[in-house]
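Keeping their order, the protein sequence lines are chains A and Y.
Per my numbering, residue 1 is the first one in the first sequence, and the count goes up by one each step.
Per my numbering, residue 1 is the first one in the second sequence, and the count goes up by one each step.
From the three backbone atoms N, C-alpha and C, an ideal C-beta is built for every residue, glycine too.
For clarity, every value in this text was computed on a predicted model and none was experimentally measured.
Structure first, then comments.
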Amino acid sequence: DGGITQSPKYLFRKEGQNVTLSCEQNLNHDAMYWYRQDPGQGLRLIYYSQIVNDFQKGDIAEGYSVSREKKESFPLTVTSAQKNPTAFYLCASSITGTFFYGYTFGSGTRLTVV
Amino acid sequence: SQQGEEDPQALSIQEGENATMNCSYKTSINNLQWYRQNSGRGLVHLILIRSNEREKHSGRLRVTLDTSKKSSSLLITASRAADTASYFCATNDNMLTFGGGTRLMVKP
Chain A
1 DGGITQSPKY LFRKEGQNVT LSCEQNLNHD AMYWYRQDPG QGLRLIYYSQ IVNDFQKGDI
61 AEGYSVSREK KESFPLTVTS AQKNPTAFYL CASSITGTFF YGYTFGSGTR LTVV
Chain Y
1 SQQGEEDPQA LSIQEGENAT MNCSYKTSIN NLQWYRQNSG RGLVHLILIR SNEREKHSGR
61 LRVTLDTSKK SSSLLITASR AADTASYFCA TNDNMLTFGG GTRLMVKP
């Protein structure tokens with residue numbers, strides 16, 4: 001079955017530590033996205049990538065980094081520079097252009113600072 | 001750049017009633033989408049309406065789009081307890097931008 005997989009489901013980070021969240025899709029989608037969701041809030045865009053080896057900052061990119069070395073993969077690193085990283089992180093993918101039909105989301109990673 | 005804004009923020013209804021949620025946006029769009037999110041889960045795509053469409057149906061869902069007022073509505077008919085979730089609208093102007101969502105509670 002085609003889909004988008006995020007791992008891990010839960011992640012705990014110590015102060016000053018970098019952590020990487022995984023996002024993999026087998027839908028052959030060109031575009032991939034990372035969103036942050038705080039409790040009771042909407043989604044805010046962190047980074048997005050519309051093509052391999054290229055990505056763009058979203059609204060809240062500070063303290064985060066990404067890479068897009070393969071079409072299927074778009075990992076997100078939460079660096080120690082991100083002062084308030086506790087949140088729910090969602091990855092999404094889509095095709096682009098005329099045949100766009102919507103976004104497919106992963107099931108999310110809940111990150112907690114301990 | 002929060003493009004879509006849903007209202008109401010929260011809605012509580014009895015099973016069997018209809019639920020209407022609204023979304024407003026600020027700039028021109030190619031299309032508008034509605035998503036559902038169950039608590040602690042990812043978002044599920046419900047329906048997409050293109051800027052040249054005025055109304056679209058999918059099962060118990062009815063979406064309208066008024067580009068002159070930059071607004072859309074999502075109607076869920078004959079609601080069920082399983083419809084309890086948060087509902088988000090999103091617009092696609094090169095990237096997906098979301099509003100804060102409407103939290104719908106359907107009481108059995």
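Exercise. By DSSP, does residue 82 of chain Y sit in helix, in strand, or in coil?
Worked result: In the structure shown, residue 82 of chain Y sits in a helix (DSSP, three-state: H, G or I).
For this session: Would you please verify whether the beta carbon of residue 107 of chain A is less than 8 angstroms from any beta carbon of chain Y?
Result: With a threshold of 8 angstroms between beta carbons, residue 107 of chain A makes contact with chain Y.
Exercise. The beta strand (DSSP E) with residue 17 of chain A in it runs from where to where?
Worked result: Residue 17 of chain A -> no beta strand (DSSP E), and no H or E assigned at all.
Problem set entry | Cα-Cα separation, residue 107 of chain A to residue 33 of chain Y | Separation of residue 107 of chain A and residue 33 of chain Y (C-alpha to C-alpha, rounded to the nearest whole angstrom) is 19 angstroms.
Problem set entry | Alpha-carbon to alpha-carbon, residue 74 of chain Y and residue 101 of chain Y | Going from the Cα of residue 101 of chain Y to the Cα of residue 74 of chain Y covers about 12 angstroms.
Exercise. Excluding five sequence neighbours on each side, which residues of the same chain lie with their C-beta closer than 8 angstroms to the C-beta of residue 105 of chain Y?
Worked result: Answer for residue 105 of chain Y: 10, 11, 12, 13 and 84, listed in chain order.
Problem set entry | 3-residue-minimum beta strand (DSSP E) runs that sit fully inside the stretch 31-84 of chain Y, ordered along the chain | You should have 31-37, 43-50, 55-58, 61-66 and 71-76.
For this session: Report the residue from A:42, A:32, A:63 and A:24 whose alpha carbon sits nearest the alpha carbon of residue 94 of chain A.
Result: It is A:32.
For this session: Inspect the beta-carbon positions of residue 49 of chain A and residue 36 of chain A and report whether they are closer than 8 angstroms.
Result: Going by C-beta atoms, residue 49 of chain A is not nearer than 8 angstroms to residue 36 of chain A.
Exercise. Which residues, in order along the stretch 36-62 of chain Y, keep a beta-carbon less than 9 angstroms from a beta-carbon of chain A?
Worked result: Answer set for the stretch 36-62 of chain Y: 37, 40, 41, 42, 43, 44, 45, 46, 47 and 48.
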